[in-house]
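Structure record follows, encoded as structure tokens.
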Amino acid sequence: LLQLLSQSTNYESWKVGAAYLDSFMRHDEWKHQQDDENEIYNQKLIRKTTKRLNQARIENDAKEVMKHLTHACKKNHGGCMNEALYSNSYIGTKVDLEMFYQEVEAGIKFVAQSQNVKAEEKSAFFKSLSKGYGRAALSLSGGGSLTYYHMGVLKSLFEEGMLPEVITGTSGGSYWLVTLICTRTDEELISEGIFDAQKSVSNFTIMADPWSVRIKRLLSDGYLFDPTIPFDQLGELTKGHMTFLEAYQRTGRILCISVTPDEKNSVTPSKVLNFLTAPDVVISSAICASCAIPLILPSIKLLCKTELGDLVPYRGSGKLWRDGSIRSDIPDLSRLNVTFQIVSQVNPHVTIFFYESQGSAGCPTPHRGGRGWRGGFIASSMIHMIDLDLKKWLRLCKDLKLLPPIMSTDVSSVFLQQFDGAVTILPANSNVLPDCVHILEDPSAEKLEEYITQGQLKTFPKLGMIGHRMRIENCIKDVMKDWVNTKSVRAGRSTARYEPDLDE
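Just so you know, UniProt numbering puts the end of the sequence shown at 504, numbered straight through with nothing missing.
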């Protein structure tokens with residue numbers, strides 16, 4: 001059954017296989033198990049909230065539904081978004097939680113359609129609800145050619161309608177953000193065949209130079225790749241050096257790229273560029289800065305676009321910028337009210353040591369519940385111990401300033417920062433280690449197809465948890481879009497896309 005699951009070609013077939021596997025492994029018993037003393041989540045509170053929402057709907061009491069929705073649509077209400085609730089089975093979670101999300105969605109739609117609440121009161125309520133629930137974000141890590149695994153992650157989320165509107169990336173992850181998602185509408189992603197390996201592979205040739213040319217450039221200039229090549233290519237891929245604000249206005253997606261100032265012994269934190277913090281910055285220059293790693297690409301100046309379309313230095317400063325993942329691979333997005341981060345992590349120095357002793361969403365471990373010590377538990381535990389020991393010594397060296405900076409970089413920061421999120425998607429280590437040999441090479445169409453397939457297979461198990469989160473967020477957003485459109489029609493204007501308040 002596990003082998004059949006690993007051969008799934010789409011999410012629908014994967015779900016069928018996962019359901020059979022849960023039945024065979026008796027995971028369905030856990031889903032129906034009643035446990036008021038559960039330490040993972042507050043089962044009593046979840047059942048009580050579900051019951052009250054249902055009762056208020058039956059009684060047609062919109063105000064009462066609104067009161068309970070205010071509590072239910074808070075971050076991790078009753079522990080409902082704890083990953084452990086999704087790591088005991090291959091698909092789905094507790095029946096109580098399934099009913100909870102179903103009732104919350106029904107309640108939101110009920111209030112939206114209710115005639116017993118004034119339009120202005122509805123508008124204020126849903127704005128408050130959106131602010132309290134927050135946004136989800138997708139963060140794509142760096143990792144050279146390994147970042148092509150992100151393509152499978154993006155494809156799965158896009159096809160299932162679960163792609164967050166906030167997308168962030170560093171280094172190679174930022175390159176994918178632009179080429180695949182944040183400068184194209186949904187219709188363009190489909191019409192241009194962005195997720196088709198045969199059509200997309202021709203877009204990515206920044207590492208086409210042979211090693212003889214790279215070594216010669218390294219000895220003469222100090223870096224392997226020609227920085228003008230990615231900048232020129234990205235200008236075409238971003239439809240004419242698009243800015244962050246232009247990309248947001250065009251697609252409704254909030255693109256975030258992390259960069260770090262190239263200053264000796266600097267303690268300045270990474271800067272997250274987006275349509276709020278750097279609206280006029282050209283995306284192509286931000287990506288080149290985010291890909292600027294010592295010996296790989298030189299640090300560069302950020303460029304802005306003037307009202308006349310001219311490219312000028314960012315804020316008139318001569319400051320150089322480089323890869324943001326050196327200090328923060330997963331940036332802080334609290335200003336955008338992000339409360340749930342989906343992380344696609346492919347950095348080899350992270351994935352090799354990444355350890356989930358209790359399993360992860362859609363990936364239960366065989367030894368859970370005292371059913372044995374299979375599933376590589378001992379080997380994984382030993383790797384985890386080595387990881388913890390390395391971090392201990394790196395932390396000590398960092399605090400005592402024992403490590404000298406290498407090329408103006410505090411190497412310990414590369415290993416001691418946070419690399420995971422509420423949901424973390426990782427490629428299989430059996431694939432990562434061989435692929436590291438080609439980490440600085442462009443893939444063939446066949447290899448790109450393999451990256452996409454493997455990325456999808458690693459995303460499918462996470463879609464159950466992500467789907468519950470996005471189900472509520474999208475429902476609130478759809479209601480607010482309908483409100484904006486209805487208001488526009490009544491005012492005699494054409495319908496417009498809903499744009500969130502900056503302080504949501």
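Positions of the beta carbon are idealized from the N, C-alpha and C atoms, including for glycine.
First and last residue of the uninterrupted beta strand (DSSP E) at residue i
| i | result |
| --- | --- |
| LEU273 | 271-273 |
| THR260 | 254-261 |
| ILE342 | 338-344 |
| THR424 | 423-425 |
| LYS305 | 303-305 |
| ASP323 | 321-323 |
| LEU311 | 311-313 |
| GLY235 | That residue, GLY235, is in no beta strand (DSSP E); its alpha helix (DSSP H) goes 228-237. |
| GLY169 | 166-169 |
Alpha carbon of residue i to alpha carbon of residue j, nearest angstrom
| i | j | result |
| --- | --- | --- |
| TYR11 | VAL338 | 26 angstroms |
| GLN249 | PHE195 | 23 angstroms |
| LYS122 | LEU333 | 28 angstroms |
| ILE287 | ARG315 | 17 angstroms |
| GLY152 | VAL213 | 31 angstroms |
| THR351 | GLN345 | 7 angstroms |
| PRO443 | TYR451 | 9 angstroms |
| ASN431 | LEU157 | 22 angstroms |
| GLY240 | GLU188 | 16 angstroms |
| PRO313 | VAL282 | 10 angstroms |
| GLN198 | LYS447 | 10 angstroms |
| LEU400 | ASP389 | 17 angstroms |
| LYS94 | LYS74 | 19 angstroms |
| GLY193 | SER200 | 7 angstroms |
| LEU85 | LYS131 | 25 angstroms |
| GLN3 | CYS80 | 31 angstroms |
| GLY172 | ALA19 | 35 angstroms |
| GLY17 | MET25 | 12 angstroms |
| ASP262 | LEU295 | 14 angstroms |
| PHE340 | ILE254 | 15 angstroms |
| ARG335 | TYR133 | 14 angstroms |
| GLY372 | GLN43 | Caution is warranted here: a pLDDT of 41 is assigned to GLY372, below 50, making its placement in the model unreliable, and the coordinate value is therefore given only provisionally. About 28 angstroms. |
| GLU159 | LEU463 | 11 angstroms |
| ASP96 | ASP35 | 11 angstroms |
| ASN54 | ALA124 | 23 angstroms |
| HIS438 | ALA445 | 14 angstroms |
| GLY370 | SER8 | Any answer about GLY370 is weak, because its pLDDT of 43 lies below 50 and its placement is not dependable; what the coordinates show is given next. Going by the C-alpha atoms only, they are around 30 angstroms apart. |
Integer Cβ distance of residue i from residue j, believed to fall under 8 angstroms
| i | j | result |
| --- | --- | --- |
| ILE40 | GLY78 | Contact doesn't hold; Cβ gap of about 10 angstroms is too wide. |
| GLY142 | THR170 | 5 angstroms |
| THR260 | THR183 | Contact doesn't hold; Cβ gap of about 23 angstroms is too wide. |
| ILE167 | LEU146 | Not a contact, Cβ separation roughly 18 angstroms. |
| THR179 | GLU103 | 40 angstroms between Cβ atoms; not a contact. |
| PRO279 | PHE244 | 6 angstroms |
| GLY144 | LEU440 | 6 angstroms |
Test item: CB-CB of residue i and residue j under 8 angstroms
| i | j | result |
| --- | --- | --- |
| ILE342 | ALA136 | yes |
| PRO461 | TYR90 | yes |
| TYR101 | ILE476 | no |
| ASP323 | CYS363 | no |
| THR70 | LEU129 | yes |
| PRO427 | LYS458 | yes |
| MET465 | ALA361 | yes |
| LEU5 | TRP14 | yes |
| LEU154 | ILE190 | no |
| GLU83 | VAL479 | no |
| TRP321 | ILE293 | no |
| TYR149 | GLN418 | no |
| LEU302 | PHE225 | no |
| ILE229 | ILE206 | yes |
| THR57 | PHE110 | Contrary to the premise, residue 57 reads as Arg rather than Thr in this sequence. Yes. Within cutoff. |
| CYS256 | PRO331 | yes |
| GLU165 | GLY252 | yes |
| GLY359 | SER87 | yes |
Alpha helix (DSSP H) segment containing residue i, residue limits
| i | result |
| --- | --- |
| LEU53 | 43-58 |
| GLY132 | 119-133 |
| LEU448 | 445-459 |
| GLN33 | Where GLN33 is concerned, there is no enclosing alpha helix (DSSP H), given that its DSSP letter is neither H nor E. |
| GLY222 | Unbroken run through GLY222: none, as it is neither H nor E. |
| MET99 | 95-113 |
| TYR20 | 11-24 |
| PRO434 | 429-435 |
| GLU160 | It is not in any alpha helix (DSSP H) - GLU160 carries neither H nor E in the DSSP assignment. |
| SER284 | 283-290 |
Contact with chain B by residue i, beta-carbon distance below 8 angstroms
| i | result |
| --- | --- |
| ILE283 | In summary, chain B is missing from the structure at hand, where a single protein chain is found. |
Count Cβ pairs between the segment 16-31 and the segment 63-80 that sit closer than 8 angstroms; are there 3 or more? no
Whether or not the segment 214-229 and the segment 270-279 are in contact is what I'm after, with contact meaning three or more pairs of Cβ atoms, one per stretch, closer than 8 angstroms; do they touch? no
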